[in-house]
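Residue numbers for the sequence shown follow the working numbering, beginning at 31 and rising by one.
Every residue gets a Cβ at the ideal spot worked out from N, C-alpha and C, and that includes glycine.
What follows is a single structure, written as structure tokens, with notes after it.
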Amino acid sequence: MTSPFQYLARTTAAVAVLALLAGCGGRGDKGPVRVDVIGTHQQMNEPLANGSNAAGQTVLAATAQGLVAFDAGGDLVGGLAERWIVDDGGQSYLFRLKRAHWSDGSPVKAEQVATLLKGRFAAYPAIVAGLDPQVRGMTDEVLEIRLPGPMPSFLQLLAHPAMAIARKGTGTGPFHVKNHNGVLTLTPLRPDERTDDDETAGNAQPTRTLFLRPARGALGFARFERHHSDLLLGGRFQHLPYVTVSNLPNGAVRADPVNGLLGLMVEGKSDFLANRDVREVLSSALNRDRLSQILNLSGWRTATNILPAQLDLDRAPAQVSWADRDLALRQSYGRSVVSNWTGLHSGTPPTLRIALPAGPGARLLFQSLQQDYTAIGLSAVLVPWDAPADLRLVDEVAPFDSAIWYLSRVGCGPNKLCSEDAEAELEKARKAATEEERAAALAQAETLSLAEANYIPLGMPVRFALVRGRLTGYLPSPRARHPLNALFRAPR
Numbered sequence: 031m032t033s034p035f036q037y038l039a040r041t042t043a044a045v046a047v048l049a050l051l052a053g054c055g056g057r058g059d060k061g062p063v064r065v066d067v068i069g070t071h072q073q074m075n076e077p078l079a080n081g082s083n084a085a086g087q088t089v090l091a092a093t094a095q096g097l098v099a100f101d102a103g104g105d106l107v108g109g110l111a112e113r114w115i116v117d118d119g120g121q122s123y124l125f126r127l128k129r130a131h132w133s134d135g136s137p138v139k140a141e142q143v144a145t146l147l148k149g150r151f152a153a154y155p156a157i158v159a160g161l162d163p164q165v166r167g168m169t170d171e172v173l174e175i176r177l178p179g180p181m182p183s184f185l186q187l188l189a190h191p192a193m194a195i196a197r198k199g200t201g202t203g204p205f206h207v208k209n210h211n212g213v214l215t216l217t218p219l220r221p222d223e224r225t226d227d228d229e230t231a232g233n234a235q236p237t238r239t240l241f242l243r244p245a246r247g248a249l250g251f252a253r254f255e256r257h258h259s260d261l262l263l264g265g266r267f268q269h270l271p272y273v274t275v276s277n278l279p280n281g282a283v284r285a286d287p288v289n290g291l292l293g294l295m296v297e298g299k300s301d302f303l304a305n306r307d308v309r310e311v312l313s314s315a316l317n318r319d320r321l322s323q324i325l326n327l328s329g330w331r332t333a334t335n336i337l338p339a340q341l342d343l344d345r346a347p348a349q350v351s352w353a354d355r356d357l358a359l360r361q362s363y364g365r366s367v368v369s370n371w372t373g374l375h376s377g378t379p380p381t382l383r384i385a386l387p388a389g390p391g392a393r394l395l396f397q398s399l400q401q402d403y404t405a406i407g408l409s410a411v412l413v414p415w416d417a418p419a420d421l422r423l424v425d426e427v428a429p430f431d432s433a434i435w436y437l438s439r440v441g442c443g444p445n446k447l448c449s450e451d452a453e454a455e456l457e458k459a460r461k462a463a464t465e466e467e468r469a470a471a472l473a474q475a476e477t478l479s480l481a482e483a484n485y486i487p488l489g490m491p492v493r494f495a496l497v498r499g500r501l502t503g504y505l506p507s508p509r510a511r512h513p514l515n516a517l518f519r520a521p522r
């Protein structure tokens, strides 16, 4: 079967043609729109607490606007804000709110939004990456967000579904939501309920009711295959084997060209993992090319470093010293490191406990990791996601395009094993007054973080969906954002 990621190696024009062809030949755009998202009922019913997973994000984006949002193609558009001004090089953000109302009919005011947004920042520190935004309402219609230092990409963070503004569990649309026996009915707001200038802000207005339900990976694929759904959202690497065994229409698998982190964080506290050379060979010994083969990921970008691109550094990302060495040489060196450690500690190295999410793709990943670690004299076991582990998977799309997020995610905030010197440089970058100062501090932080070897990169995150041809407005998104109010192409 053709890999869902082969199109990433093609030209942008070819991708556009494929998307157009995939929109043809369906059974028309009439009838109910049935959307499944991989996740649980709890995640869907409590979206504010689940803004980091597909089910929660889908409900939030459908029922509660942030100040800004990403449209179907990954471009920034207004949400609750009708316009904004970025000042002081990206340190100050002024937003003028649209005229909007809460579900009880009372007007949305800037001070309310400021208070709620502070709560969103506190609830998702991994997204905010230590930036400490200060929010205040200036008038009923205007609020300001001020950062410790300039951050031009901060608007992207605000567009994350987890930053949606909701009061008493309800937001400002574009859909009303009702739960009917575990299936959410999403009904478009009436014209009199919509915020001002929604159309001019670039937000597509929903025109029909949708039915949204959570599904386990295998069930979601089976429902799509049997025409019980029009769209399955939330596909990740662990669901890829279902693509191979399912009888899917041509063009149904749509991959998102996202950036972020897919790798293993070193969590264990053993003397073995405290050895920096040991941590380095846990990364250098891996056959990343085999991973792309066993997961059928032609065109997938593997990774050996933390950053996917230069971003806001003043140089290209640093590379590990072993990146260009032959795998056999890397594994031979790995065996010597493990053997030397074992000899010094008069025993055998501990068995590595690896925590991965459920799913057949995760089992294939573990088998590949196990094979490579066996090659350097180590044993490994797969443990449940909520169990204590030595290595735990990180699988996250970057919420904004800055090295600050990547380095924060592998830094001292979420991790006990980290470089305090890198953390100090990262804090300098957050507060830097100029672009040059920020870039210099980030370069130092990246070099120190890479040397710490507490993160084992594998590649870019995998995000994909199954899409019925009649959903002509669906587009591949570099943000993995697929607003349900834009599933159909607007008539010309």
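Do you know offhand how far residue 455's Cα is from residue 477's? Within the sequence shown, the letter at position 425 stands for residue 455. Within the sequence shown, the letter at position 447 stands for residue 477. When rounded, the distance between both Cα atoms is 10 Å.
Count Cβ pairs between the segment 345 to 358 and the segment 460 to 478 that sit closer than 8 Å; are there 3 or more? yes
Please identify the residue among 65, 78, 492, 121 whose C-alpha is closest to the C-alpha of residue 330. Position 300 of the sequence shown, counted from the first residue, corresponds to residue 330. For the residues 65, 78, 492, 121, the minimum Cα distance to residue 330 belongs to 492.
Would you grab the beta carbon distance between residue 215 and residue 254 for me? Rounded to a whole angstrom, and I think it's under 8 Å. Mapped onto the sequence shown, residue 215 falls at position 185. Mapped onto the sequence shown, residue 254 falls at position 224. At roughly 20 Å, the Cβ-Cβ gap does not stay under 8 Å, so residue 215 and residue 254 are not in contact.
For the beta strand (DSSP E) that residue 162 lies in, which residues bound it at each end? Looking up residue 162 in the sequence shown gives position 132. It is not in any beta strand (DSSP E) - residue 162 carries neither H nor E in the DSSP assignment.
Using only the alpha-carbon positions, how far apart do residue 53 and residue 282 sit? Translated into the one-based positions of the sequence shown, residue 53 becomes position 23. Translated into the one-based positions of the sequence shown, residue 282 becomes position 252. Any reading at residue 53 is ruled out, since the residue's pLDDT is 35, under 50, leaving its predicted position unreliable.
With distances taken between CB atoms, is the gap from residue 102 to residue 262 smaller than 7 Å? Position 72 of the sequence shown holds residue 102. Position 232 of the sequence shown holds residue 262. It is not a contact, given that the beta carbons lie outside the stated cut-off.
When the Cα atoms are used, what is the spatial distance from residue 509 to residue 149? Your numbering for residue 509 matches position 479 in the sequence shown. Your numbering for residue 149 matches position 119 in the sequence shown. Straight-line Cα distance between these residues: approximately 23 Å.
Using the three-state DSSP reduction, which class does residue 237 fall into: helix, strand or coil? Here residue 237 corresponds to residue number 207 of the sequence shown, with the count starting at 1. DSSP places residue 237 in coil when its eight states are reduced to three.
Exposed or buried, which one is residue 269 when buried takes at least 16 other CB atoms within 10 Å? For the purposes of this step, residue 269 is identified with residue 239 of the sequence shown, where counting begins at 1. Classification of residue 269: buried, given that the 10 Å Cβ count is 16 or more.
Do the segment 422 to 439 and the segment 361 to 374 make contact, defined as three or more Cβ pairs closer than 8 Å? no
For residue 239, I'd like the list of residues in its chain whose CB is within less than 6 Å of its CB, leaving aside the five on either flank, ordered along the chain. As a position in the sequence shown, residue 239 is number 209, starting the count at 1. Correct list, in chain order: 217.
Classify residue 408 as buried or exposed, calling it buried when 16 or more other Cβ atoms lie within 10 Å of its own Cβ. Along the sequence shown, one-based indexing puts residue 408 at 378. Buried is the call here.
Three-way DSSP call (helix, strand, coil) for residue 48 in this model: Residue mapping note: residue 48 aligns to position 18 of the sequence shown, counting from 1. For residue 48, the predicted structure reports a pLDDT of 31, less than 50, and the residue's modelled location is therefore unreliable. A value from the coordinates is still provided. Of the three classes helix, strand and coil, the one that applies to residue 48 here is helix, per DSSP.
Helix, strand or coil for residue 209, going by three-state DSSP, please let me know. Counting from 1 along the sequence shown, the entry for residue 209 is found at position 179. Looking at residue 209 - three-state DSSP - the assignment turns out to be strand.
Would you kindly check if the distance between the Cβ of residue 439 and the Cβ of residue 179 is under 7 Å? Along the sequence shown, read from residue 1 onward, the residue named residue 179 stands at position 149. Along the sequence shown, read from residue 1 onward, the residue named residue 439 stands at position 409. Not in contact: residue 179 and residue 439 (Cβ atoms no closer than 7 Å).
Local Cβ density within 10 Å of residue 304, reported as buried at 16 or more and exposed below that: Within the sequence shown, the letter at position 274 stands for residue 304. When all chains shown are included, residue 304 counts as exposed.
Going by Cα to Cα distance, which pick from 309, 94, 88, 184 is closest to residue 435? Here residue 435 refers to the residue found at position 405 of the sequence shown. The option with the nearest alpha carbon to residue 435 is 184.
Whole angstroms is fine: what's the gap from residue 119's alpha carbon to residue 189's? Looking up residue 119 in the sequence shown gives position 89. Looking up residue 189 in the sequence shown gives position 159. Distance between the alpha carbons of residue 119 and residue 189: 19 Å.
What is the DSSP secondary structure of residue 371, reduced to helix, strand or coil? Locating residue 371 in the sequence shown gives position 341, where the first residue counts as 1. Note: residue 371 maps to helix in three-state DSSP.
Quick one: grab the DSSP three-state call for residue 31. On the sequence shown, position 1 is the one that residue 31 refers to. Confidence at residue 31 is low in this model, with a pLDDT of 42, below 50, so the placement of that residue is unreliable and no value is reported for it.
Express the C-alpha separation of residue 375 and residue 78 in angstroms, rounding to a whole number. Indexing the sequence shown from 1 puts residue 78 at position 48. Indexing the sequence shown from 1 puts residue 375 at position 345. Going from the Cα of residue 78 to the Cα of residue 375 covers about 48 Å.
Residues of its chain near residue 312, where Cβ-Cβ distance is below 7 Å and the 5 sequence neighbours each way are ignored: Looking up residue 312 in the sequence shown gives position 282. Cβ within range, chain order: 486.
What's the gap between the Cα of residue 123 and the Cα of residue 309? Taking the sequence shown and counting its residues from 1, the one referred to as residue 123 is at position 93. Taking the sequence shown and counting its residues from 1, the one referred to as residue 309 is at position 279. Near 41 Å, if we compare the C-alpha coordinates of residue 309 and residue 123.
Just curious, the alpha helix (DSSP H) that residue 86 is in, first and last residue? Sequence index remark: in the sequence shown, residue 86 carries index 56 (1-based). Unbroken alpha helix (DSSP H) run through residue 86: 84 to 93.
Starting from residue 434, follow the alpha helix (DSSP H) in both directions and report where the run begins and ends. The count along the sequence shown starts at 1 and reaches residue 434 at position 404. Residues 433 to 439.
Start-end ranges of the beta strand (DSSP E) lying completely within the segment 78 to 148, minimum 3 residues: 98 to 100, 106 to 108, 111 to 117, 122 to 127
So the candidates are 151, 173, 164; which of them puts its Cα closest to the Cα of residue 139? To locate residue 139, count along the sequence shown from 1; it is residue 109. With distances taken between Cα atoms, residue 139 lies closest to 173.
Please report the distance separating the alpha-carbon of residue 399 from that of residue 358. As a first step, residue 399 must be located in the sequence shown, where it is residue number 369. As a first step, residue 358 must be located in the sequence shown, where it is residue number 328. In a straight line, the C-alpha of residue 399 is about 15 Å away from that of residue 358.
Confirm the yes/no value for this check: CB of residue 422, any heavy atom of the ligand FMN, distance under 6 Å. Within the structure as shown, the ligand FMN is missing, as the structure has no ligands at all.
Is DSSP giving residue 295 helix, strand or coil here? On the sequence shown, residue 295 is found 265 positions in, with the first residue counted as 1. Strand.
On the DSSP bridge assignment, give the partners of residue 425 in chain order. Reading the sequence shown from its first residue, position 395 is the one you call residue 425. DSSP lists 292 as partners of residue 425.
If you follow the alpha helix (DSSP H) that residue 255 is in, where does it begin and where does it stop? Along the sequence shown, one-based indexing puts residue 255 at 225. That run of the alpha helix (DSSP H) goes 247 to 255.
Among 406, 245, 321, 277, nearest to residue 315 - alpha-carbon criterion: Locating residue 315 in the sequence shown gives position 285, counting from the first residue. That would be 406, whose Cα lies nearest to the Cα of residue 315.
Host beta strand (DSSP E) of residue 63 (start-end): Start at 1 with the first residue of the sequence shown, and residue 63 comes out as number 33. 63 to 68 is the span of the beta strand (DSSP E), which, as asked, contains residue 63.
Taking 8 Å as the cut-off, does the segment 77 to 93 touch the segment 193 to 205 (at least 3 CB pairs, one atom from each stretch)? yes
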